[in-house]
Amino acid sequence: MGAMEESKDLSYGAASMEREHAGQLSLFNDLKAAIRSGADDSLVYALLQELLEHTNLHFLSEQLAMKLHAYEAYESHLLEHERLLAEVQNLKRGLATGTATDKHSLIEALRSWLVVHIQTTDKALAEYLSTRAAQPPEVAP
Ligand SMILES: [Fe+2]
């Protein structure tokens, strides 16, 4: 493999995003299954923590790629990420304090929100990154 192919391989693009999205969605499915089967709140809490860590890393990768490639819609994309993270944190807090109600609907709503984010906001980003794959990153003056 030549240097160009290698650097393309290492760049953050559609393939990496798809892999990470699949991980997020599978964690959402685990959460739904756990809640539906009446799992203990401590298991749901642990799954939420895993989702939060995975999602945090994934969002940071996207945000870094957006910054490196001077993506115009960075701010609005970031706001969407922050919103999901805040909702997951809220649910975690609710579980920890025993005030969480209707966990299944909330998880379902967050999962649906994520699917829309992937199909619209992330799709636009992946398309942009694919046009930038062979370009060097923008370096701020
Ligand atoms: Fe995103």
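Quick note on the working numbering: the sequence shown kicks off at 1 and runs consecutively. Virtual Cβ for every residue (Gly too), placed ideally from N, Cα, C.
Practice task
Rounded to whole angstroms, what's the CA-CA distance from LEU47 to GLU62? Just pull it up for me.
Solution key: Position 47 of the sequence shown, counted from the start, is the residue given in the question as residue 47. Position 62 of the sequence shown, counted from the start, is the residue given in the question as residue 62. Rounded to whole angstroms, LEU47 to GLU62 spans 22 Å at the Cα level.
Exercise for the section: Indicate whether the contact test is met: 3 or more Cβ pairs, each with one atom in the stretch 70 to 86 and one in the stretch 35 to 45, closer than 8 Å. Expected result: no
Practice task
Mind listing, in chain order, the continuous alpha helix (DSSP H) runs of no fewer than 4 residues lying wholly within the stretch 44 to 69?
Solution key: none
Practice task
Label ASP102 either buried or exposed according to how many other C-beta atoms from any shown protein chain fall within 10 Å of its C-beta, with 16 as the threshold for buried.
Solution key: Residue mapping note: residue 102 aligns to position 102 of the sequence shown, counting from 1. The residue is exposed, with fewer than 16 neighbouring Cβ atoms inside 10 Å.
Practice task
In angstroms with no decimal places, state the Cα-to-Cα distance between GLU18 and THR97.
Solution key: Position 18 of the sequence shown holds residue 18. Position 97 of the sequence shown holds residue 97. Their backbone Cα atoms lie some 34 Å apart in a straight line.
Practice task
Could you name the residues of the same chain whose beta carbon sits closer than 6 Å to that of LEU52, not counting the 5 residues immediately before and after it, in chain order?
Solution key: One-based indexing of the sequence shown puts residue 52 at position 52. Same-chain partners within the cutoff: VAL88.
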